[in-house]
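Residue numbers (the working numbering): 213 to 386. In this text, a Cβ means the ideal position worked out from N, Cα and C, and glycines have one as well.
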């Protein structure tokens with residue numbers, strides 16, 4: 213049976229200390245659920261913290277790197293997927309994830325990943341302190357974007373969204 217893949221998207225160099233703390237906790241919680249973690253795989257910011265958190269908790273970690281080599285890969289990833297695609301790799305991150313958690317600043321690459329996830333009809337859980345980002349993304353999220361106030365709440369929301377998706381798929385198949 214295929215394991216559930218959770219994409220955690222977040223800033224690299226611009227990640228806040230709070231986002232890095234949350235990301236490390238998210239990684240450990242995702243591993244505890246026996247989900248596979250997928251991130252941008254770099255050795256900075258949210259990508260690094262979530263990967264290390266999941267790895268240290270015994271989880272399987274996939275990093276989809278934007279570079280043509282693994283030089284910037286986090287020490288926390290188990291599988292490095294080197295794309296050389298720059299920001300185009302964001303689409304791979306989103307489409308390879310069963311659900312997406314956006315952690316920290318919703319800007320740049322993270323914002324594009326949120327938009328791509330919403331376009332692909334994937335549930336997004338947003339964990340950020342930024343009230344303006346919350347308001348804006350809820351408006352464009354049309355019921356697909358859910359707000360969390362802690363890593364624990366983000367994982368609980370993700371679990372519920374995945375269960376709701378499974379229930380819907382079971383009903384459609386009957």
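Following the DSSP letters along the chain, one finds residue 292 inside the beta strand (DSSP E) bounded by residues 291-294. In this model, residue 229 and residue 341 are separated by some 11 Å (Cα to Cα). Within the stretch 244-284, the complete alpha helix (DSSP H) segments of 4 residues or longer fall at 257-268, listed in chain order. No Cβ-Cβ contact shorter than 8 Å links residue 306 with residue 319.
Under DSSP, residue 222 takes part in a beta bridge, and its partners are 315. Of the candidates 360, 349, 356, 323, the residue whose Cα lies closest to the Cα of residue 224 is 323.
Within the same chain, Cβ atoms closer than 8 Å to the Cβ of residue 276 are found at 250, 251, 252, 253, 293, 295, 301, 304, 305, 308, the five residues on either side in sequence being excluded.
Note on geometry: alpha-carbon atoms of residue 311 and residue 213 lie some 17 Å from one another. One alpha carbon belongs to residue 245, the other to residue 316, and they sit about 21 Å apart. Taking a contact as a CB-CB distance under 8 Å, the pair residue 339 and residue 314 counts as one, their CB atoms being some 7 Å apart.
In the three-state reduction of the DSSP assignment, residue 235 falls in the helix class, which pools H, G and I. Per DSSP, the unbroken alpha helix (DSSP H) holding residue 327 starts and ends at 320-331. In the structure shown, residue 227 falls within a coil segment according to DSSP collapsed to helix, strand and coil. Beta-bridge pairing by DSSP links residue 360 to 339. Taking 8 Å as the cut-off, the Cβ atoms of residue 278 and residue 257 do not count as close.
One Cα belongs to residue 370, the other to residue 355, and the distance between them is close to 14 Å.
Excluding residues up to 5 positions away in sequence, 261, 265 lie with their Cβ nearer than 6 Å to the Cβ of residue 236 in the same chain. Linking residue 346 to residue 360 through their CA atoms gives a straight-line distance of about 10 Å.
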